[in-house]
Amino acid sequence: MDTICLRDGYADGQYILPPLPYDVTALEPFLDAETLRLHHDAHHAAYVAGANAALAQQRSMSSAGISAAVAQSLAFNLAGHMLHTLYWGNLSPQAGQRPCGELARVIDSEFGSYSDFAQLFRNVATGVQGSGWAVLAKDAVSHRLVVLAAQKHQDALLPRMRPLLVCDVWEHAYYLRYRNNRAAYVDAFMDQICWHTVCQRYHHNKENNHACCK
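Right, here's the structure in full:
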């Protein structure tokens, strides 16, 4: 998982809930304030609490006493924490951004065009069975961009994959605003992507010194 997001979600030996990088009203009409408050303050906070509880259990047990359930809880909650931290950061109050610079050229090379990439990402996000995520990631082995579907959270903990862009398609992410119309939520999501942040992740740095998506 992306080390940039981890620096924002861990401090003093504990996983922490990072604040939203914008006001709860800043994403309207894409997402309303009530949806953001519930999603961040309740759902994301629960993953942080669950990750800390599971980690504390592992550290307090002898190796013989650690159960698979504790390990599964840690994987589920920690992955949920990391993915949500990425999700908040790759949303922008400024609608209508597009990738540019090197990242735009790579997207064109890998997927044919931005439009082709966007359609693929939409298809993956709307097609996830049940709860899960759509992920644009950089494969550190091939150095190519790939679009992945992940059910639940921990399925996104793939080795040698760096998530650049994540879309939460659990119902709690959109149901108050879009009801059961996931496709409408995903379409709106594509218009709220902070490509500056995605570019930072692509170049794997905190401060984006590249002429991309500023």
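Just so you know, this note's numbering puts 106 at position 36 of the sequence shown, and the rest follows in order with no gaps. Beta carbons are placed, not taken as given, at the ideal position from N, Cα and C, and that holds for glycine. Since the model is a prediction, treat every value here as computed from it, not as a measurement.
{"Item": "Identified DSSP bridge partners for Q167", "Value": "Per DSSP, none; premise fails for Q167."}
{"Item": "Rounded Cβ spacing between I177 and L215 (contact assumed at less than 8 Å)", "Value": "7 Å"}
{"Item": "Backbone CA spacing between L148 and F100 [nearest angstrom]", "Value": "27 Å"}
{"Item": "Ordered list of alpha helix (DSSP H) runs contained in the segment 239-265, each at least 4 residues", "Value": "245-248 and 252-260"}
{"Item": "One or two residues paired with Y92 in a DSSP bridge", "Value": "Answer is none; Y92 lacks a bridge partner."}
{"Item": "Rounded separation between R271 and Q221 - CA only", "Value": "22 Å"}
{"Item": "Contact belief for L108 with L97 at Cβ below 8 Å, rounded distance in angstroms", "Value": "No, L108 and L97 are not in contact; Cβ-Cβ is about 14 Å, not under 8 Å."}
{"Item": "Nearest-angstrom Cα separation, counted from F259 out to P89", "Value": "20 Å"}
{"Item": "Closest by C-alpha distance to Y92, when choosing among A103, D257 and A139", "Value": "A103"}
{"Item": "Neighbour-count burial assignment, D238, 16 or more Cβ in a 10 Å radius", "Value": "buried"}
{"Item": "Start and end residues, beta strand (DSSP E) containing V36", "Value": "What the structure shows of the chain is the stretch from 71 to 284, and residue 36 is not part of that stretch, so it cannot be assessed."}
{"Item": "Top-ranked residue by Cα proximity to A124, from G159, L218, Y85 and T155", "Value": "Y85"}
{"Item": "Neighbour-count burial assignment, V211, 16 or more Cβ in a 10 Å radius", "Value": "exposed"}
{"Item": "Inter-residue CB distance, H223 and G171 (contact presumed, cutoff 8 Å)", "Value": "Not quite, the Cβ-Cβ distance comes to about 31 Å (not below 8 Å), so this is no contact."}
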